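The sequence shown begins at -19 in the numbering used here and counts up by one.
For every residue, glycine included, the Cβ atom is placed at its ideal position computed from N, Cα and C.
Computed from a predicted structure; not experimentally measured.
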Amino acid sequence: MYMRLLAFLCLMVPFSAAAELPDFTDIVEDAAPAVVKILVEAEMSGRAESDQMDQVPEYLRRFFEFRGDQAPQQRPRRNMGSGFVVSEDGYIVTNHHVVEGASSVVVRMIDRREFDAEVIGSDVRSDLALLKIDAEDLVVLPIAQDDDVSVGEWVLAIGSPFGLDFSVTAGIVSAKGRSLPTDTGENYVPFLQTDVAINPGNSGGPLFNLAGEVIGVNSQIFTRSGGSIGLSFAIPAAVVRNVTEQLRETGEVVRGWLGVSIQDVDKNLAESFGLDRPRGALIAQVGAGSPAEKAGLESGDIILTFDDQPINNSGDLPHVVGLIAPDTIVDVLIRRDGKDRKLSVKVGGLNPDERPSVSANAADQQGGLLGLVLETADASMMSELGLSGGVMVLEVRPDSPAGESGIMGGDVITRLGSSAIQSMEDFESAVAKLLPGQSVAVRLIRRGAPMFLAIRVPQPEQ
């Protein structure tokens, strides 16, 4: 009897588990007519074409074969991607990298109709583009207004991986707010990470929640083989709404800009600034004439919240600032000298062709118990770095507090704790105030870039 009951329960478990899995058929039926395949033609060299083909499995290359008698040194590049309709009169969202450099763009619907498309605007920083086709009464996909996406929730993608039209894949949200800096170090997109199978050709396609809303645009994958290994990244709905609205209205995107150089806060820095745990974005440098400088933000401040949004690490700050319209006044909560303060900042604007930059306003001694050999920095060097003063590290003694903190020869120290350092006298005065066992933040310039390190003052020998 016991064995029969056990066998019955084993048979029932798969049916019970299956009953709890989501059914995507209604979403696919309703959404598929609004998902499109995008065919792009541009000029490229024969070598670049060969490199592209090398990434495609042999048994799938027939989908990418190039026909014609063009000269090998200048053949048309044919790229494929996905997209989706966001208005009945023919506006379509896709990725910037899908249509970059395109000489012609064709949109193919699921019913095989094809339309020539115009690129209304394209934004490299978010990897989004907006297209327009001459059509009416199209099926439209709603972009989620609520950005409350949960890790672990089911999501669905529709696209054309490797040219396999209108394929459907599903998975879960693996993480939120992933920072994936661009080649230029910019970081304006808090990507959604999923384990949905995304492959070349899915780019620009929609990522759905179980309500059938678009919560993201599939953009990137992490892969060692050229195919999916369960790490895909989508641009979240908040960024999609912001960018596509601007592209539709003006054809370009202007972002909020603060004008600071920032870094993460580690355990030692958190202790030195009196924080209960590592959090916030530590300002390493404030740009001259920037919105941050005008608001009174200073090097050494830690931004804890911006526009009431918590800043848990430095990568969160550009995600928040970039979505704020220029000239908007917002509240900023900072930690300064061990105390929290609130300031108001009028956010600046960063145009599409602008690159964010931060420029600063314009006898050997020993660092004693810290283990440093220093000298007042040369005036010509200070002028080159845009600094008004500082002390140059000539030597770091092995096994010293300075050596353990990561300070290196050639660094220029400009701040120790809450004290600005412009000369050896300033440094010695600041060191004299340190307490045994205290963890203190040191601001320095290394190869032209500002950064903070935490150094622990040694206990006196017994």
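- Item | Sequence-distant residues of its chain with Cβ nearer than 7 Å to I100 (five each side left out) | Only residues of its own chain outside the window of five on either side were considered, and among them L110, L111, K112, L227, R228 and G231 have a CB closer than 7 Å to the CB of I100, listed in chain order.
- Message: So, with DSSP's three-state summary, where would you put Q265?
- Response: In this structure, Q265 counts as strand in the three-state DSSP scheme.
- Item | Boundaries (first-last residue) of the beta strand (DSSP E) holding S434 | It should be noted that the sequence gives Ala, not Ser, for residue 434. In this chain, the beta strand (DSSP E) harbouring A434 covers A429 to R436.
- Within the region 258 to 334, ranges of the alpha helix (DSSP H) (whole runs, at least 4 residues): The alpha helix (DSSP H) runs of length 4 or more contained entirely in the region 258 to 334 are, from start to end of the chain, 271 to 275 and 296 to 302.
- Message: Please report the distance separating the alpha-carbon of K17 from that of N167.
- Response: Straight-line Cα distance between these residues: approximately 28 Å.
- Message: Please state the DSSP three-state secondary structure of L111.
- Response: If DSSP states are grouped into helix, strand and coil, L111 belongs with the strands.
- Message: Out of S294, L136, E193 and F171, which one is the CA nearest neighbour of A177?
- Response: Per the C-alpha coordinates, the member of S294, L136, E193 and F171 positioned closest to A177 is L136.
- Message: Cutting at 7 Å between CB atoms, please list the residues of its own chain near L415, excluding the five before and the five after it.
- Response: Only V437 meet the Cβ criterion.
- Task: Leaving aside the five residues before and after S154 along the sequence, list all residues of the same chain whose C-beta is less than 6 Å from its C-beta, in chain order.
- Result: Only Q173, T174 and D175 meet the Cβ criterion.
- Task: Output the distance between the C-alpha atoms of V169 and M404, rounded to the nearest integer angstrom.
- Result: When rounded, the distance between both Cα atoms is 43 Å.
- Would F213 be called buried (16 or more neighbouring beta carbons within 10 Å of its own) or exposed? Label assigned to F213: buried.
- Best match in V233, G184 and S409 for proximity to V65 [C-alpha to C-alpha]: When only C-alpha atoms are compared, the closest one is G184.
- Can you check the region 196 to 254 for any beta strand (DSSP E) of at least 3 residues that lies completely inside it and give the ranges in chain order? The qualifying runs are 212 to 216, 235 to 237 and 240 to 243.
- Query: Thinking C-beta only, is G239 closer than 8 Å to E193?
  - Reply: Contact: no.
- In the DSSP assignment, find the alpha helix (DSSP H) that holds L365 and state where it starts and stops. Note, L365: alpha helix (DSSP H), A359 to L365.
- Item | Per-residue burial, P449 [other beta carbons within 10 Å of its own, 16 or more giving buried] | Shown here, the chain extends from -19 to 442; a query on residue 449 therefore has no answer.
- Message: On the DSSP bridge list, what partners appear for P56?
- Response: According to DSSP, which records beta bridges pairwise, P56 is partnered with E23.
- Give the DSSP bridge partners of A400, in chain order. Note: A400 sits in a beta bridge opposite R395.
- List the endpoints of the continuous alpha helix (DSSP H) containing D443. Beyond the ends of the chain as shown, which are -19 and 442, falls residue 443; an answer cannot be given.
- Item | Boundaries (first-last residue) of the alpha helix (DSSP H) holding A443 | Summary: the structure shown does not reach residue 443, with the chain confined to residues -19 through 442, and so no result is reported for it.
- Message: Tell me which residues share the same chain as S83 and place their Cβ nearer than 7 Å to its Cβ, disregarding the 5 neighbours each side in the sequence.
- Response: Once the five neighbours on either side are set aside, the close Cβ partners of S83 are E21, A22 and E23.
- Message: Along the chain, where does the alpha helix (DSSP H) containing P141 start, and where does it finish?
- Response: Boundaries for P141: no alpha helix (DSSP H) harbours it, and the DSSP string shows neither H nor E there.
- Message: By the three-class DSSP mapping on this structure, what secondary structure does A177 have?
- Response: Note: A177 maps to coil in three-state DSSP.
- Distance, R105 Cα to S409 Cα: Separation of S409 and R105 (C-alpha to C-alpha, rounded to the nearest whole angstrom) is 45 Å.
- Task: Kindly indicate which three-state DSSP category S409 falls into: helix, strand or coil?
- Result: In this structure, S409 counts as helix in the three-state DSSP scheme.
- Query: Could you check where the alpha helix (DSSP H) with V78 kicks off and where it finishes?
  - Reply: Where V78 is concerned, the enclosing alpha helix (DSSP H) stretches over H76 to V79.
- Give the range of the alpha helix (DSSP H) segment to which S385 is assigned. Note, S385: alpha helix (DSSP H), P381 to S385.
- Pull up the distance between the alpha-carbon of L108 and that of V8, whole angstroms please. So the alpha carbons of these two residues sit roughly 23 Å apart.
- Query: Hey, G389 and L374 are a contact pair by Cβ (cut 8 Å); roughly how many whole angstroms apart?
  - Reply: That pair is a contact at about 6 Å.
- Compare the beta carbon distance of V312 and V301 with 8 Å and say whether it is the shorter of the two. No, the Cβ-Cβ distance between V312 and V301 is not below 8 Å.
- Item | Nearest to G63 (by Cα), restricted to the options I425, I387, I215 and E278 | Closest by alpha carbon: I215.
- Query: Do V129 and K156 come within 8 Å of each other at the CB atom, strictly closer than that value?
  - Reply: The answer is yes: Cβ separation under 8 Å.
- Comparing alpha-carbon positions, which option in L396, P378, W134 and I138 lies nearest E0? Out of L396, P378, W134 and I138, the CA that lies nearest to the CA of E0 is found in W134.
- Same chain, Cβ closer than 7 Å to R88, neighbours up to 5 away in sequence not counted: Here the set comprises V16, K17, L19 and E94.
- Based on Cα-Cα distance, which residue from S385, I209, G280 and A218 lies nearest to F171? Considering only alpha carbons, the answer is A218.
- Task: Provide the residue span of the beta strand (DSSP E) that contains V422, from first to last.
- Result: Segment S419 to R426, the beta strand (DSSP E) holding V422.
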